[in-house]
Each structure stands twice: as structure tokens, then as C-alpha cells.
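Heads up: the protein sequence lines correspond to chains F, V, U and S, in order.
Residues in the first sequence are numbered from 1 upward in steps of one, following the working numbering.
Residues in the second sequence are numbered from 319 upward in steps of one, following the working numbering.
Residues in the third sequence are numbered from 980 upward in steps of one, following the working numbering.
Residues in the fourth sequence are numbered from 1130 upward in steps of one, following the working numbering.
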Amino acid sequence: MQNADREINKEKISVAEMAKQILEQGRADRLMGWKRGEFFYDNSPAVFENLSELDDFVYDLFCGSNLSKFLVKESRKDGKIAVLLKPCDRYSFNQLVKEHRIIKDNVLPVEIDCDGMLDIDKIRALGIKGIKKITVDGDQLQIDTVYGPKTCAREDVLLMKCLTCKDRVGGDRFELVKEIEAMSSVERYEFWRSELSKCIRCNACRNVCPACTCEKCVFDNDKSGIANKANTDSFEESLYHMIRAFHVAGRCTDCGECTRVCPQNIPLHLINRKIIKDLNEFYGEYQAGEDDFSKGPLTRFDLDDVEPDIVMERGGNK
Amino acid sequence: MQRIGVFVCWCGTNIAATVDIDTVVEAMKYEPGVVHASDYQYMCSEAGQSKIKQAIKEHNLTGIVVCACSPRMHETTFRKAAKAAGLNQYMVEIANIREHCAWIHKDRKEATEKAVVLARTAVAKLNLNTPLTPGESSVVKRALVIGGGIAGIQSALDIAEAGYEVDIVEKQPTIGGKMAQLDKTFPTLDCAACILTPKMVDAASHENINLYTYSEVDSVGGFVGNFNVKIRKKARSVKADICSGCGICTEKCPSRKAENEFNLGLNKRGAIYIPFAQAIPNVPVIDRDQCIKFKTGKCGLCAKVCPADAIDFSQQDEIVEKQYGAVVLATGFNPIKLDNFDEFGYSQSKDVITSLELERIMNAAGPTGGKLLRPSDNGHPHTMVFVQCVGSRDTTGCGKTYCSKICCMYTAKHAMLIREKYPDVDVHVFYIDVRTPGKNFDEFYRRAAEDYGVNYIKGMVGKVAPTNGKLLVQGSDLIADRQLVIEADMVVLATAIEPDQTAKSLATMLTASIDTNNFFTEAHPKLRPVESPTAGVFLSGVCQGPKDIPETVAQASAAAVKVIGLLSKDKLMCNPCVANSNELLCNGCSNCQHVCPYGAIDYVEKEFRAGGKTSLRRVAQVNEAICQGCGACTVVCPSGAMDLKGFTNQQIMAEVDAICR
Amino acid sequence: MSIENKEFKPLIVAFCCNWCSYAGADLAGTSRLAYPAEIKIIRVPCSCRVNPMFVLRAFQRGADGVIIAGCHPGDCHYTTGNYYARRRMTLLFSMLDFFGIEKERTRVDWVSAAEGVKFSTVMNDFSKKIHELGENRRLGDLRCKMPIEK
Amino acid sequence: MHQKTQLQAETIRLISGTNTRKCMKCGKCTASCPAFAEMDISPHKFVSMVEHGEIDKLMASKSIWKCMSCFACVERCPRGVEPASIIEAVRQTVIRKQNNNYLRPENIPELLDPKIPQQALVSAFRKYSK
């Protein structure tokens, strides 16, 4: 996926150096990247307006967040903004350009490399506490902790979304979806009931989702009939994730941000992936955000599409 | 808050017999917004309507729910009544408690419960209704008639006489259709050509009628009042404007291999041909599949002999794009293929023919010059057997389930004509039923039997076996309860008729519905028989259902009247139940534009002020004159900005809630 | 179970397009072709007007089955509406199945204005299926803690 | 109709799987029948007689043993009524009452004639055995 109007790091200089050069040379007025957080593992998205602000710039193993969505607002401001796009972020970027949510002319997309981002929770789950610093050593991570040096396999602590990165060779991103499909209907129901019971309706999944950029979200709109109002009945509660998944169907790029940010660790991306899997099987392979012009699978049709009965005939036990 | 009146109709006993009206009325009184509920025996009657009007004024109602028959039946009636009483006509909702309740349920308690639910669903929807105003669109004062048979010609003539332009599109090289192939017509026995050809000439010479022969409709866009049609004028390879119609080319053409379609393949024609002597336009056409010039590059004899230099081998198909206010479908019929009816031996013997083939044989301009000759040896037949209902009334899938309607009468005609001209010929007719409703029809059939001695046999033919130059017809005589074998010289099959195959593709292009047999569906089987459910599309002739010539002509004129009524209007009221975009919510994502079948959605950059700042945003705008209100856009809109007036998200959800309460 | 089933009165919502299926339902009525009273019809202009949210809402409010009926593919009054509906509903049904909601509770069928008999058959058939499935508990509230019987 | 005859007619309809009401009395079955000359009751009457419950008469009829089960009537009936199936059903009813086998598998080889169509053989076996 390469576009002529995109910055590509040809000289293989560091991302920080690239960022500096872009602002220095005035190729953009502002730059969207990541800023060091209070802790080394909580880098957050930030806009840098001048060179001195770039002192806080960081691009390391904890820059998982997808910057595309911020451009919906940022690209509408005056001046040009450069944005750093990891390979996985580019799909969201394209999709948003396609939907006219990002004003393309005001953005300088900068493609940067990524070898996979880390999940701090996974590292902690290995019993590694008091972490001071993490360095990469081939497949291994050297972790400097207050209790002395530790190591772990890099593969074991990658973000979920990096494990099924579209640029990785091999692996099946639908593996978990298939596992759930193979369950009995009751098992599936119990699985989702136990997962969705954890939801606290914090809306983090929606807020981070690059496909959820509506001017006004239906869940915030009293007139939509599904608004997030006082819990007079459980409709909104139980169906929130279904409606959300359907809303982004055909537009979801499978960026995995929903699961990354979920404070309750609900594997929300599996719902979206199930839809992507179905779309691929029924209507041919389609990757939302592969380009910024093609029609999505739900806004086109074929005369000989499968009938809905196929759901009845397909696998998936009762 | 609305002030709603609920009116429950008894429909005589149609509803009242199964639904307890009082219970429904009583239950509605407690529904939110309802301030009045009453009932009446016939709500649609003048008295019923005035009850509604009175209640609207008396109770100062803002909307009414009528619990009655299907909205497809009387919605318009009640809307007019509401309008007359000063209400907006879209503040009317119908609860269908007849077709969807009283008529299909037997249990009174069950039906009453359902009627209450249906009524409260309508109330729930009405609570969210807002007055709607229909927009207006212009009317192109020109009609398109598809099909140039007697139906199309009659419709076109009537419309043209009223002063409107009409174009006829006919796929054959000439207008005339099936009637041009017929010999005589029942029940008067006057010759078909004598009454048809003057009409053909009238159509061709009428200043308001424009003929597109050897042409087909390629695509149709637009809507009532503004259809946009692409017509493909197939290449005739003859310049129609300079051809004098002398016919020398058709005589000199050395190719004689093509089957003459007009004579149903009973003889041959040249590669350049005029279908029949009275063809209109009288311009030949080159059959490129047969033409030696097109096949080998050599010949070109027709071009050499043409005194007008009208032959043009390089002619291409031409696409004409035109606007029409109304479309008349007059696509007609064909006899079915007899592949599924081997027992009648049609494929085994030349002497087994269809009735339409017999028409050609009997016709003075036909392949035998009007002499009744056996196709196999040109001999004079002595015994003829007619078989009725061949492929009609067949529920096994081999033929057609319906009665083809015209066969009884034309068979009587054939039998009579043969007996009159050749009294030495024995004529036997196998029939299942003889159906002769129609003016002077039964008298005609009885004359065939009584005056002309046609032997009518109640029974069916089971097998026709060609043996030693004869046809052994094995049939049953149910009155005598016996099986009989007739040694016949010719067998004539009254073959079922089916709609022309173009009906199906036209139905798709025009979104006009067709039934399981591919006949066009009428808007109402009794009350709107010549209109398609699609506004601006009208039906003429057999494309709507089997009919004979008098009926066809009557329907053609009726369709013309409907067209004239439409074209006489300067403006049409548009359906106000169209899509509507809430610009404040619109993301500008173009999803709605992608799915709109009419191209009714445009995007504009619009300024919005919020928090003291102005910003430009891309938002969707619906062209209300073009939108037909399907609602496809509403579902793909992620933010819910796109909604459908009259069927809003909130209204439908309120209906769901009311049903599921 | 069997006693429960006897008392089970299902609630079925049918979305019918105005041009074909609603007219088909009218024809079923005119022809006096019975189907169960638990089926309640909502008229929509086209099957493509049916938002999956409506289907979910019906289930959540206690419907035991939802059926969407439209013109046969190719016969849509609006030319293409039912093609979109077909994709949306296929996807929705598959997703519901993925959540463990009995997939037989949902159905799409194509009924033309001339198919009164088919309308009645389809409705009887669907109702029978819902009777077999019993009450819709799963989607009523996917998050409630009440365990379902297996 | 008498209860007994009604039951008999119902049995015939059940065994044959036909709906006699579909008959539109066109007579194509009788017209098609190659064994008509041998029959005392014509094929089309079979249908109406079942419809009217005259099963006893049918069971006594010669026709049921003359039908060759060629299925010409079934093939050509425009309404899908299947007179041959009705005749077969009546035969079945007669045989069940008689409790007798007219044809045994062991007798088949000696009766075999290569000219007999397979279908006729199968039909005969069904016809003359229980």
C-alpha cells in the first residue's frame, strides 16, 4: 500500500528524526505522533506544533494507539498536519479519507515501520513487576526491574492486535472466531453472556474506534431510540455491542483498538472479526481501508448473492 | 401531544363477525393520545366518512386511525376525508384488521386481541406522525407504447387523438403483431387484415405518432411523468428514409434459406425481406445471419438492384434517448413451445400443427395461398382433429396453469371455416370444457356444432401416432365412456399462450411487477385493471392476461384514457414520504449516495456555526422530486442522520414496541 | 417443558414491504388463508427500510421471532432495495447466531403480491418453528445473570 | 357419504398419495390407456369413483388387473392426479383382503422374458404379491 502523496522513510532514519525534519523543513505545520506519558508504558497521542514541543516525542514499543481518528478534527483546522501511520493505522486512515471524514488535502501521511507493540498487562501477568526499562534483544526482551534483570519472549507480550497484524506472514486471524463458531449455540451464548456481563458501558471502545466518528453518536442521541439513557430497561445494555458491531460492519478495518482499550478485557474485536469473516466468505475478500475509494460490501450487491438461509445451513451448532 | 380519533369499521360482517368491535373501541380509549373512539358499519361509505369528518371537527383531532381494510384499499379514501375536514392527509394511519386479521382468523377472542394490538400499533405510530406536504414534479407530455400489435396501436391512436405525442417501439420490422398473422376473427368472421391494416396505416400517418420498428427498449430510468428511456434502433441495413419500398431487393435476393417467421416457418424467405405485403413501414430489413454479403463478403446484389440506393451494409444500431411522461406496456404473447407434449407428435409429423400455423395456412396471403393443404404432401385432408387445452390448465409444470381463454373460440372458428369451405372434411374437436362467455360467443360455438356439423367430443387426446402417412389419434369420449381412434390427415393443437419473453426484462427495467406466469400485475384486479402498481406504467392487451381482440382493444383504449389523464396534468404531486437528511447529524460519508437507486442524493459543502465558529461541512441533501422513498439510505447511515418521512426510525420502533408490549 | 409449550403464546413481528409482501398478505386475507394470530405485520416501504436495529429491538422487547418479507430479488419496486436487505439480514442473522441466539428465530423470505398462498405457508411454517423453539430468553437480555436451561 | 365408504376412499387416497379433487375430468388418462380395450371401468372413472366412495365396485372390477402400470396416464395427466397410482392402491387393498400371494420371488426366473420391460416386472411383483 503505497501512495505517491505519502512520505516514506527511505533513508531509514529514526522516526523521531523524521518528525523533526518534517517540522524543520516546514513540510507540515503540525505533527501528530505520540508523547511520553507519566510512565514509560503509557505513551499517548499528541499534536506537536513546534520543534521544542518535540522534546516529549516518543516512538517506542508502547505506541500502539491508532492516530487516524484524531485527524477527523485535526484535518479541519488551519494548516497542514503530518501524521505518523504505522502499517495497521493506514487502513483506518484510508477508510476515513474514503468517508470524507478526514480532509485529505490538509494531511501529510507519513508511513513508519513497526515491529509490533507491547502489552504492559501481559508483561505484568508473567509476574514481572517493578519494571524500569525494557530493551529489545532479538526475539527476547531484556527487562530491567527493581528486582533485577528479567527476560521474556517478545512474542508472548505483544498486543493482541499485533499478533494478527495484517503484515505478518502466516497465522489465522480468524482462529478464535472459528473456535467460537464451533461451539454449540448454548456455549456461544454463555461465552458472550459472561464476557458482556463485564461491560461497564465506559464507551472506551466506541471512543477509540476509528470507524466511530459520527458527528453525533446514535448512543448519545435521544431520538435514535437506542440512546444511552437511564437504565429503564436493558435494551441498550445487552445490545450495545451488537449494534456497535453492525454499525461499523463493512467499515471496520480490524485495527483491534476496541479490545486494546477495554478496561474489562472483553475480546470485542472478535465480534467485528466475525462480521469481516462473514463478509469475506459471502461476498468475496474485502479489507476496509485497503484503498480510499472502493464501495464497502454493505453498500453494493451482486444479483446472485447468497440468500439469508445460508446462515441456517452453515455450520455452527444449535 | 396528539389528539387522536380511532374509527373502527365493521365492514358489514366482514370484520364484525370475527372481531368484537366494542372491545377494540373500548381498548383504544385508553391508548396514549386517543381522545375519541367510535365505530360504524361501513367507514368507507359516505356516512362513515362524514362521521370521521364530524369527529375531527368536534374533538379537534390532530390525527386519525381507521381500523378497517388494507391501506392498499382505502387509505386514499380516508386521507381525502381527513383533508376535507381540515387535517393534513398524512395524519391518517390505517390498522388493517380485515385482510390481516378478521379474514384469516376464526377464533373470535384471538382475532379481537390481534385487532386491538394492530389498532394500538397504528396509534403508536400516529403519535409520532408529522404533517407532510407533497412536492411537485413536472410531466413530460409524451407517451411511450412498448409493442406495436393491435393493443399498442389502439392505445397509441387514442393517446395521439387526444393531442399527445406517442412513440411506439416494436421489436419486429413491422407493426401489426399477432393480429396481422390471423386469417379471420371471431365471432363475426371478418378478415383480420381488413380491420387491422387501416389502423396500422392510421398509426403510421398520424402526426402525433412516431414509430420505432425493429427497435427495443434498452433501459428505463426516472419515474412517473419523467421516464428517461433509451431505445435501441437495430440496424436494418436499409436506409428507411430513402427506401421506396419497391421490393425489388427482396425478389432478387439469392438467399432463400431463412424460415419465414411471419408464416411460422411454413415457407422460406430471402435474407432481405419485408415480413408481409402490408407491413408498416414498408421497408425491408436484412437478416444478417442469413445474408451472403454479411457471411462471405460477396454478393451485395440487393445494393446493385436498388433503384434508390438505399441499402447500407455498414449501418449500426442507433441509441435514441427520449423522455416520456407515461409508458404503456403492450408486449403481447406467443404460443408456448411444445417440447413437453411429445404425445401429440408435433415434432414427429408436419401434419400436426398449431392453431396459429393453421391461421397462416387458411390465409389467402399465406404459404398455401389460402388453400387447406396438408403440410407434408400438399394433399387435401379429409379428416381433421382439433385438440383443445394443449398446455393450458396444466398444473404439472409441463404447461401453463391458466386457461388461455381464446382457444375455444378460435377452434370453433377454424372448424366452422373448414366445414364451410370444404364440406367433405370431417372435423372432430376434443374438448375438456367449452368456454364461450362473451357477446354472441356461445351462439357462434353452437353454430359450429349445429349448423356446420363439427363433431365435438368431450374428452382428450392421449396420443397422436404418425402411421403410414396418416395420424392415428387415440382419444377418449367421456360421454360415451369409450376410447376411440381416429385416422386423421391433420391434427391442430390449440396451443397455450404465454407472455412474450421481453415482459420479464421490461418488468425489471420499469420495476413493474409480474406474476408467476410473467403476466404483468395490475394495480388492483378489479378496480384498477389497466394500471401497473408502478405509477405511470399502464397495461394493454395480453401482456396483462389472456384476452381476445375485442377485450384487448377495450383494454388498450382504457389504458390510453389513463395515460391521457396523466399527461393532461401539468404537475404531479410527489410522494411526500421521502428520505430526509438531518444536516446536523450528517457525517458526509457518502454511504447513502452509494445505495440510492435513483441518484436522488447529492452532497454539498455547507457552513455551520457552532460555538461562535463557522465551519464547512460536507452534508447530504435529498432531491425530493427524485426520491421514491425506499429507505435504503436510512439503514446505511451510521449516524442516523438519514430518515424516511412517514416511516421514521422512531415510528417503526414505536410500532415494534406497541406490538411487543 | 411440554406443559410450558402448551401455554406458550409466541410473539412474531413481520416486516412486510408495501409492494409485494404486504400485498401478498392482503391476498392471503382475501383468499381466507389462515395463519396464526401471533404474527403481527408492520408495513414498510421496502425490505431495505428494515434497519437491523428494528429486529434487535423487537427481540429485546420480547418478540420470539422476526421475519422480513420482501419482493423477490429482481422484482423490487425500487429496483435494488431487497438486494441490500438480503446482505444486511444475512449478516445480522449470522451475527445473532454467533452470539448464541437461535438462528431459526429470524427469517427472510420473498413473497410477491401474487403469492397469497406462499405468504400463508411461510407464516405458518415460521410460527411452527417458533413454537418449537419456545420463548426467546437469550436475546431478551444477553447480560442478565439468570442461567438458561440446557 | 357413508362412513365406511368414506374410510375406504380415504385409504385409497392415502395409499396412492393422490388428490382426486384435482381431476378436471379431461379424460386424457382414458385417451392414453393402451389397455383400455380390456377394461370394464375406464381409467378416468377410477378417479371419480374414488371421489364418490364407490370402492367396492372398483375392487370387483376387472380393470384393476388389466392395468399394465405403464403410467401413460400418470405421465400425461395435466393435473398430476395419477390414475395408475389409484388403480395400484385399489389392487393393494384387494390383495390385503385376500391375504394371498399370486407371485412369489422364487417363481420369477421361470417367468422372465427379456422383452418384458423392467418397470413392468417390478410393477407386476407389486401387483401380485403382498
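We put the CB at the ideal spot given by N, CA and C, even for glycine.
What number of angstroms, rounded off, separates the C-alpha of residue i from the C-alpha of residue j?
i: V:ARG737; j: V:THR701; result: 11 Å
i: V:CYS707; j: V:TYR749; result: 7 Å
i: V:THR515; j: V:GLY494; result: 8 Å
i: S:PRO1243; j: S:ALA1249; result: 12 Å
i: V:ILE867; j: V:PHE651; result: 13 Å
i: F:PHE282; j: S:ARG1142; result: 45 Å
i: V:VAL922; j: F:ASP60; result: 42 Å
i: F:LYS229; j: F:CYS152; result: Summary for F:LYS229: the model assigns pLDDT 49, below 50, so the residue's position carries little reliability; its value from the coordinates is reported in the next sentence. Looking at the two C-alpha atoms, the distance is approximately 45 Å.
i: S:ALA1164; j: V:ASP744; result: 27 Å
i: V:CYS414; j: U:GLU1111; result: Looking at the sequence itself, residue 414 of chain V is Asn, so the reference to Cys does not match. So the alpha carbons of these two residues sit roughly 28 Å apart.
i: V:ILE637; j: V:VAL535; result: 9 Å
i: V:TRP346; j: V:ALA437; result: Residue 346 of chain V is actually Met in this sequence, not Trp. Whole-angstrom Cα-Cα distance: 7 Å.
With H, G and I counted as helix, E and B as strand and the rest as coil, what does DSSP make of residue i?
i: V:LEU674; result: helix
i: F:GLY37; result: coil
i: V:HIS354; result: strand
i: V:LEU902; result: coil
i: V:LYS731; result: helix
i: S:ALA1201; result: helix
i: S:PHE1254; result: helix
i: V:CYS707; result: strand
i: F:CYS162; result: helix
i: U:TRP998; result: coil
i: S:THR1147; result: coil
i: V:ILE775; result: strand
Report, in whole angstroms, the separation of the C-beta atoms of residue i and residue j, which I expect to be a contact under 8 Å.
i: V:LYS731; j: V:LYS502; result: 6 Å
i: V:PRO602; j: V:CYS567; result: 6 Å
i: U:PHE1033; j: V:MET971; result: 6 Å
i: V:ILE382; j: V:GLY323; result: 5 Å
i: V:VAL752; j: V:CYS726; result: 5 Å
i: V:ASN544; j: V:SER455; result: 6 Å
i: U:PRO1024; j: V:GLY949; result: 6 Å
i: S:VAL1210; j: S:LYS1151; result: 5 Å
i: F:CYS262; j: F:LEU270; result: Their Cβ separation, rounded to whole angstroms, is 12 Å, which puts F:CYS262 and F:LEU270 out of contact at 8 Å.
With 8 Å as the threshold, decide whether the Cβ of residue i is near any Cβ in chain U.
i: V:ALA429; result: yes
i: V:MET361; result: no
i: V:ILE977; result: yes
i: V:LYS432; result: yes
i: V:VAL855; result: no
i: F:GLU215; result: no
Is any beta-carbon of chain V found at less than 8 Å from that of residue i?
i: F:LYS295; result: yes
i: U:ALA1002; result: yes
Please confirm if residue i has its CB atom under 8 Å from at least one CB of chain S.
i: V:THR713; result: yes
i: V:VAL809; result: no
i: V:LYS723; result: no
Within 8 Å of any Cβ in chain F, is that where the Cβ of residue i sits?
i: U:ASP1005; result: no
i: V:MET971; result: yes
i: U:LEU990; result: no
Tell me residue i's beta-bridge partners as DSSP assigns them.
i: V:ARG642; result: Checking the sequence, you will find Tyr at residue 642 of chain V rather than Arg. V:PHE545, per the DSSP bridge assignment.
i: V:CYS509; result: V:LYS502
i: V:ILE590; result: V:ILE604
i: F:GLN140; result: F:ASP137 and F:ALA153
i: V:THR932; result: V:ARG927
i: U:ILE1018; result: U:ILE991
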